[in-house]
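Counting from 243, one number per residue, gives the positions in the sequence shown under the working numbering.
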Amino acid sequence: MRRRKVPMRKDIVTGKMAPKKKLIRIVHQKDGKVFIDKTGKQSGRGAYVGMSVAEAKKAKAEKTFNKVFSADLDDKFYDQLIKYADHEQARQQLLSHDK
């Protein structure tokens, strides 16, 4: 049986490569909207961050997405990212225990 290629993306907080499914995609659209892409398929420029609360908090502290997208993002966006990372991290742990 042939192995499938796993798409890799760079985590902008740590600078490390990781499988796309282990990262959270943030999208910046032409109209200036920046949001969490839960599907991973929205149009726009994407950047990836690890699925951990620690990385999301580090992104907030360093205002990482402000720099990457040259946009002025408020703390609400980063708080939403931290909450989503916490949710996804718990979900991954739950799914890994089921196996």
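Built from N, CA and C at the ideal position, the CB exists for glycine as well.
- Per DSSP, A260 lies in no alpha helix (DSSP H); the unbroken beta strand (DSSP E) holding it starts and ends at 259 to 261.
- Residue pairing by DSSP places D253 opposite Y290 in a beta bridge.
- In the DSSP assignment, V269 falls outside any alpha helix (DSSP H) and within the unbroken beta strand (DSSP E) covering 265 to 270.
- Of the residues I266, R245, G286, K275, the one whose Cα lies closest to the Cα of K252 is I266.
- Spatial neighbours of V248 in its own chain (CB-CB distance under 6 Å, excluding positions within 5 residues in sequence) are listed in chain order as P261.
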